[in-house]
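One structure is given here, and the rest of the page talks about it.
Number of protein chains: 10
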Amino acid sequence: MLYLCEIRTRLPGDLPAAERARLLAAEAARGEELVRAQRIRAIWRIVGSLANVSVWDATDHQELHALLQSLPLSPYQDVQVRPLAEHPLTTLADGQRIP
Amino acid sequence: MLYLCEIRTRLPGDLPAAERARLLAAEAARGEELVRAQRIRAIWRIVGSLANVSVWDATDHQELHALLQSLPLSPYQDVQVRPLAEHPLTTLADGQRIP
Amino acid sequence: MLYLCEIRTRLPGDLPAAERARLLAAEAARGEELVRAQRIRAIWRIVGSLANVSVWDATDHQELHALLQSLPLSPYQDVQVRPLAEHPLTTLADGQRIP
Amino acid sequence: MLYLCEIRTRLPGDLPAAERARLLAAEAARGEELVRAQRIRAIWRIVGSLANVSVWDATDHQELHALLQSLPLSPYQDVQVRPLAEHPLTTLADGQRIP
Amino acid sequence: MLYLCEIRTRLPGDLPAAERARLLAAEAARGEELVRAQRIRAIWRIVGSLANVSVWDATDHQELHALLQSLPLSPYQDVQVRPLAEHPLTTLADGQRIP
Amino acid sequence: MLYLCEIRTRLPGDLPAAERARLLAAEAARGEELVRAQRIRAIWRIVGSLANVSVWDATDHQELHALLQSLPLSPYQDVQVRPLAEHPLTTLADGQRIP
Amino acid sequence: MLYLCEIRTRLPGDLPAAERARLLAAEAARGEELVRAQRIRAIWRIVGSLANVSVWDATDHQELHALLQSLPLSPYQDVQVRPLAEHPLTTLADGQRIP
Amino acid sequence: MLYLCEIRTRLPGDLPAAERARLLAAEAARGEELVRAQRIRAIWRIVGSLANVSVWDATDHQELHALLQSLPLSPYQDVQVRPLAEHPLTTLADGQRIP
Amino acid sequence: MLYLCEIRTRLPGDLPAAERARLLAAEAARGEELVRAQRIRAIWRIVGSLANVSVWDATDHQELHALLQSLPLSPYQDVQVRPLAEHPLTTLADGQRIP
Amino acid sequence: MLYLCEIRTRLPGDLPAAERARLLAAEAARGEELVRAQRIRAIWRIVGSLANVSVWDATDHQELHALLQSLPLSPYQDVQVRPLAEHPLTTLADGQRIP
């Protein structure tokens, strides 16, 4: 089941550089796991912002909440979640993406 | 180049039923054309609203504007457009979508 | 799976009285069906407004969208949908409600 | 009498870990008391946020204010309170919940 | 139990003058009844607006909702309701008002 | 002349406990003086918030500004001020309050 | 006593031209009366909008409300009223304006 | 050329008292200079807030920006600037102000 | 002197087609005049909206207001005006534009 | 391809003066490079704010994001990005700018 998430990260200015680097590396690694597990199905940067818009796939709300909380940066993130339903064109568009 | 569009349609209450049906059919047909032409790359309904969120692919801003205006319902639509850049995980996620 | 919906109804001022009465009766009947089918699990009025807050139970987003659109007043409703996950106290609270 | 509360918690970043853990444990314990006393009648997490939506039952506004202030995290919480009245379907829905 | 209500009235421009006059007279008469019954405990105009701020006294949320709906202009009113609790100075201030 | 004030207090998290206690006691004492002097004519808590809504009586805007600044917590308060005029029911309601 | 008012006028599109002209002429005449009576002490257009910002002088809130309602366009106006107090520089600035 | 400015000052809580006093004195002195130079033509306090609304007179936008930045508190100020044009009543009102 | 204007046009749905065409043609002609007179110095469409963002050059606020009102569509336009000052890079950028 | 960017800078109050000066000098130098490279095509200050509005030219969204992140102050900037399309008058206006 698909959800559109907008995730905005605000790191505190006084975060020590080493901790900051550690968090960013952990976030990148966890993000890669979530993509490989097909939990994150699509993800883009919002131009000009430390923010992304992403399509998540989860069995239910409970799992999505757990997946979002598994992000190492989640204590510093504002997340907006919107459930996505199929549009009459969704399947056609999905088919077009396959080469 | 990708754009995230949120399109909300507000049809006037006094639109004659025949005109309404004609517009909706034309919108569906034009939407299908845009998907087949890979201009609309993904599209979902926002649950509970006469609104969609969609990923559009256009050569440039000029073309996107023309594509959005080619929708028969465009006089009744509020459109929010945000340019999308690649996130470090975008390509990996795109690869995962291909079966 | 649970969703918190806030539904605000705005009937046009020039709706003929008979059509208005017909719509309200149909809405009440459809609401009762949805409660008996355990799709609407809880519902209250927001004091002072022609609006309700309700907890819906649906198999997935797609079904929720269809259920909301099955309301006869849906063309006149603004609906805000938020997915609900379990709080550590949810199950305990659910148990307490049973006499 | 029922109230819909939305409670969002914002813990300061520089809260010592021990104090943070103590507060969270105290909040959980107080929450459980309030559920057992049937003051909190229902509670869910808003997916993706450190926030909950909950239905409180209090004799009057005064008591509700005191109950909310009895939460150990209340100095760090933004609370929105809305009084709930019965919808024509409320009783039917309440009846459906009892197994 | 007290509630702070802000009531803003928007009469449609095409309301016939006779109907408008009838509604305003009925609203005034119903308002006077509610004051005499001590349901409206205090009421003022917000300067420059067709709006009032008022303190209502009702047994519970259900009754307040019914009282607000008993206003002849209620189909044209936006109402914001906030429950009021006692401030440490409330009783002292109430005592001061009595000559 | 009457004004409706909404006063929200935000104490900084790092305020030493002794200073905090001193400020709160001074605020309570000053509030009592203002009630006894019939400058604050009515005051309630907004349920669930460290905020109050209050009716102030001042000779003119200048005096109201000085009275609000005389509150020991004023450096930590956001104040919204709205002038109140008489509603056709104001006098009747005022009469009803006197036993 | 001074008030800062922002008055935005929205004339309905279907107002007959003659009625529109009559209203605008009456508004201009009433405005001139209010300036000559020193009720409107200063007034400017907000560039690009059918709106003005103006400084009104009234004995009290009650009178200001009556003055604002005496404008022929008042049924079509949104008015925001803010009470103005003296700034330490107010008197000096007032003195400078006199040639 | 006239501009309506709303200037809100937010001094950080941890500003040392001596620095705070120095800044406030410098701001008052600079404000007086600007009034004497007829750059600030009118100024009032917004009741209940550490904010003012003021009418500035500058040769052009560039000069206004420089004048606003010359305020010692400018690093702590949010400024909203709106250009003011003449209303048909402006000149008449200006004439009325001169005794 | 430069101003950044955002102009959004909302044509009423019931505007007769001939009147609509006449207005749009007159707007285009007037726009061309304003560009040739170097009053509009730059103008773009906001992608997906019946709106533009434009840089206007006027002698003073008064003239800008008159120029904006000279647009045939001005009764249907919401205009936001912001004065622009020089940035340290403005002149350099202006120079770069000349081939 | 053109983008309208609004960039607001908020430097933390506790930034050491030397670091602040270093950042501002680096920002100015980088800004000059971007203008000379015709990436920033136009730029102005928003009067009264530490903010600018600027027109950027980039090959695609990806490059724009990289250019914005190359600003030394980017960690302290909020950036709003809007894609700009041609208005029917754009080319004419561009031509008028060349002396």
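Chains as they are written, first to last, in this note's numbering: chain A, 35 to 133; chain B, 35 to 133; chain C, 35 to 133; chain D, 35 to 133; chain E, 35 to 133; chain F, 35 to 133; chain G, 35 to 133; chain H, 35 to 133; chain I, 35 to 133; chain J, 35 to 133.
Even for Gly, the Cβ is constructed at its ideal location relative to N, Cα and C.
Mind pulling the chain G residues with CB within less than 8 Å of residue i?
| i | result |
| --- | --- |
| P117 of chain F | Y37, H95, L98, V115, P117 |
So which residues of chain G does residue i contact, with C-beta pairs closer than 7 Å?
| i | result |
| --- | --- |
| V81 of chain E | H95, L98, H99, V115 |
Exposed or buried, which one is residue i when buried takes at least 16 other CB atoms within 10 Å?
| i | result |
| --- | --- |
| T125 of chain J | exposed |
| L49 of chain E | exposed |
| A127 of chain B | buried |
| R116 of chain G | buried |
Output, in chain order, the set of chain B residues within a Cβ distance shorter than 9 Å of residue i.
| i | result |
| --- | --- |
| P46 of chain C | G47, D48 |
Please tell me whether residue i has its Cβ less than 8 Å away from any Cβ of chain C.
| i | result |
| --- | --- |
| L84 of chain D | no |
Am I right that residue i and residue j are in contact with their C-beta atoms under 8 Å? What's the rounded C-beta distance?
| i | j | result |
| --- | --- | --- |
| Q96 of chain C | E97 of chain A | The pair is not a contact, with the Cβ atoms about 17 Å apart (cut-off 8 Å). |
| L118 of chain D | R73 of chain C | Actually they do not touch by this definition, with Cβ atoms about 20 Å apart. |
| G82 of chain F | L102 of chain D | 5 Å |
| V89 of chain J | R70 of chain J | Contact flag wrong, Cβ pair sits at about 15 Å. |
| T12 of chain G | L84 of chain G | As displayed, chain G neither begins before 35 nor continues past 133, which places residue 12 of chain G out of reach and without an answer. |
Checking 8 Å against the spacing of the C-beta atoms, do residue i and residue j come in under that value?
| i | j | result |
| --- | --- | --- |
| L38 of chain F | D91 of chain F | no |
| Q111 of chain F | I41 of chain F | yes |
| R64 of chain J | P109 of chain J | no |
| L123 of chain H | E53 of chain G | no |
Output, in chain order, the set of chain C residues within a Cβ distance shorter than 8 Å of residue i.
| i | result |
| --- | --- |
| L102 of chain E | V81, G82 |
Is residue i close to chain D? Criterion is C-beta to C-beta, closer than 8 Å.
| i | result |
| --- | --- |
| D122 of chain C | The residue you asked about is not Asp; residue 122 of chain C is Pro in the sequence shown. Yes, P122 of chain C lies at the interface with chain D (some Cβ there is under 8 Å from its Cβ). |
Is any beta-carbon of chain E found at less than 8 Å from that of residue i?
| i | result |
| --- | --- |
| Q130 of chain F | yes |
So, is the C-beta of residue i closer than 8 Å to a C-beta in chain F?
| i | result |
| --- | --- |
| Q72 of chain E | yes |
Give me the chain I residues within the contact set of residue i, using Cβ-Cβ distance strictly less than 7 Å, ordered along the chain.
| i | result |
| --- | --- |
| A62 of chain J | P122 |
Step through the CB atoms of chain A and report whether any lies within less than 8 Å of the CB of residue i.
| i | result |
| --- | --- |
| R42 of chain C | no |
Residues of chain H with CB under 8 Å from residue i, in chain order?
| i | result |
| --- | --- |
| W90 of chain G | Per Cβ cutoff of 8 Å: no residues; W90 of chain G is ~11 Å from chain H at best. |
Mind listing the chain B neighbours of residue i? Cutoff is C-beta to C-beta under 7 Å, in chain order.
| i | result |
| --- | --- |
| E66 of chain A | L123, L126 |
Less than 7 Å separating the Cβ of residue i from some heavy atom of the ligand ATP?
| i | result |
| --- | --- |
| P106 of chain D | Of the ligands one can find in the structure shown there are none, so the ligand ATP has no counterpart to examine. |
At the 8 Å Cβ level, is residue i part of the contact set with chain L, yes or no?
| i | result |
| --- | --- |
| R42 of chain E | Within the model displayed, chain L is absent; protein chains A, B, C, D, E, F, G, H, I and J are what it includes. |
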